[in-house]
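Asks: The sequence shown begins at 1 in UniProt numbering and counts up one residue at a time. One structure, pasted below without further comment.
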Amino acid sequence: MLEVQQLSIVQDGRQLWDSVSFQVRPGERQGISAPSGYGKTTLGRVLAQWQSATSGRVMVGGKPLSQKGYCPVQLVPQHPEQTFNPYRTTGESLRDAWSPDAVWLARLAVNPDWLARRPDELSGGELARIALLRALDPRTRYLIADEVTAQLDAHVQAQVWQVLLEEARCRALGMIVFSHNNALLQKVCSSIWVP
């Protein structure tokens, strides 16, 4: 279980989150709907250990997350271009996490040729799919999806959500979904939280 205990985040002198506590069970899909600027992305960054909280704890399986090794909580950000090294190919960045096979590439509609390109040579939608593929490493137990399909056309959105829901069911992947799209949250989440 992913447990957030009394988490507070202050950024640039502004209180974004104050003593927030919640749990996400394996396989549960929890949606969070809040306006832009509320701090959803910052919360995701803290949960995935990309940055530190002001106070509080994040635990998985009853243990605090370690700063060493692979983090079992992975974030797919709204702007994936910010998460790739601009001097490396996306395939090199992907292989730092894991090496998905052709079946995985097809499931997320990732053209293998994209993996030989640098991030600036791909569209936002192409990068979003590669970022999602990277986050779906078999070691991932919880996925934070921050407007993860916002840059994709409707057909690819449906395909990506089908894969995510299959992963939630088959390997009990827990998810936190940030979105402004309440219809999407109602469709893919087992519960929705409006802070």
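Heads up, the beta-carbon is just placed ideally off N, CA and C, and yes, glycines get one too.
1. Pick helix, strand or coil for VAL156, following the three-state DSSP scheme.
2. Taking the CB atoms as reference points, tell me whether ARG139 and LEU94 lie closer together than 8 Å.
3. Is it true that the CB of PRO26 sits closer than 8 Å to the CB of ALA172?
4. Quickly, what does DSSP pair LYS63 with across the bridge? List them, please.
5. For TRP50, which three-state DSSP category applies?
6. Taking the alpha-carbon positions, what's the residue 197 to GLN49 distance?
7. By DSSP, does GLY125 sit in helix, in strand, or in coil?
8. Sort GLN67, ARG45 and ALA106 by Cα distance to LEU16 and report the nearest one.
9. Whole angstroms are fine: how far does the CA of GLU147 sit from the CA of SER33?
10. Give the DSSP bridge partners of TRP193, in chain order.
11. From LEU152 to PRO112, what distance separates their C-alpha atoms?
12. Report the option in VAL24, ASP12 and LEU132 whose CA atom is closest to the CA atom of LEU2.
13. Any idea which residues DSSP pairs GLY174 with across the strands?
14. Alpha carbons only, please: which of HIS79, GLU81 and LEU47 is nearest the one belonging to GLN67?
15. Quick one: measure Cβ to Cβ for LEU164 and MET175, integer angstroms, because I've assumed they're closer than 8 Å.
16. Please list, in chain order, all residues of the same chain as GLN11 whose beta carbon is under 8 Å from its beta carbon, the five residues on each side excluded.
17. Hey, would you say ARG129 sits closer than 8 Å to VAL103, going by beta carbons?
18. Taking the alpha helix (DSSP H) that ILE92 falls in, what are its first and last residues?
19. Can you look up GLN82 in the DSSP assignment and give me helix, strand or coil?
20. From the DSSP output, in three-state form, read off GLN23 for me.
Replies: So, from the listed chains and residues:
1. The residue you call residue 156 lines up with position 156 of the sequence shown. It is helical.
2. Position 139 of the sequence shown, counted from the first residue, corresponds to residue 139. Position 94 of the sequence shown, counted from the first residue, corresponds to residue 94. Contact flag unset, no.
3. Your numbering for residue 172 matches position 172 in the sequence shown. Your numbering for residue 26 matches position 26 in the sequence shown. Cβ distance < 8 Å, so ALA172 and PRO26 count as in contact.
4. In the sequence shown, the residue the question calls residue 63 occupies position 63. VAL60, per the DSSP bridge assignment.
5. For the purposes of this step, residue 50 is taken as the residue at position 50 of the sequence shown. Note: TRP50 maps to coil in three-state DSSP.
6. No answer is possible for residue 197: the residues shown for the chain start at 1 and end at 195.
7. Position 125 of the sequence shown, counted from the start, is the residue given in the question as residue 125. GLY125 falls in the helix class under three-state DSSP.
8. Taking the sequence shown and counting its residues from 1, the one referred to as residue 16 is at position 16. With distances taken between Cα atoms, LEU16 lies closest to ARG45.
9. The residue you call residue 33 lines up with position 33 of the sequence shown. The residue you call residue 147 lines up with position 147 of the sequence shown. Cα-Cα distance, rounded: 10 Å.
10. Here residue 193 refers to the residue found at position 193 when the sequence shown is read from its first residue. TRP193 pairs with ILE32.
11. Position 152 of the sequence shown, counted from the first residue, corresponds to residue 152. Position 112 of the sequence shown, counted from the first residue, corresponds to residue 112. Whole-angstrom Cα-Cα distance: 18 Å.
12. Residue 2 sits at position 2 when you count from the first residue of the sequence shown. Nearest option by C-alpha distance: VAL24.
13. Residue numbering aside, residue 174 sits at position 174 when the sequence shown is read from its first letter. Bridge partners of GLY174: TYR142.
14. Residue 67 sits at position 67 when you count from the first residue of the sequence shown. If we check each option's Cα against that of GLN67, LEU47 comes out closest.
15. On the sequence shown, position 164 is the one that residue 164 refers to. On the sequence shown, position 175 is the one that residue 175 refers to. Contact holds; Cβ gap of about 7 Å.
16. Residue numbering aside, residue 11 sits at position 11 when the sequence shown is read from its first letter. These residues qualify, in order along the chain: GLY39 and THR42.
17. Here residue 129 corresponds to residue number 129 of the sequence shown, with the count starting at 1. Here residue 103 corresponds to residue number 103 of the sequence shown, with the count starting at 1. Result no, Cβ atoms of ARG129 and VAL103 do not sit closer than 8 Å.
18. In the sequence shown, counting from the first residue as 1, residue 92 sits at position 92. Checking the sequence, you will find Glu at residue 92 rather than Ile. Here the alpha helix (DSSP H) through GLU92 covers 90-97.
19. Position 82 of the sequence shown, counted from the start, is the residue given in the question as residue 82. Helix at GLN82.
20. Counting from one through the sequence shown, the residue named residue 23 turns up at place 23. GLN23 sits in a strand when the DSSP states are folded into three classes.
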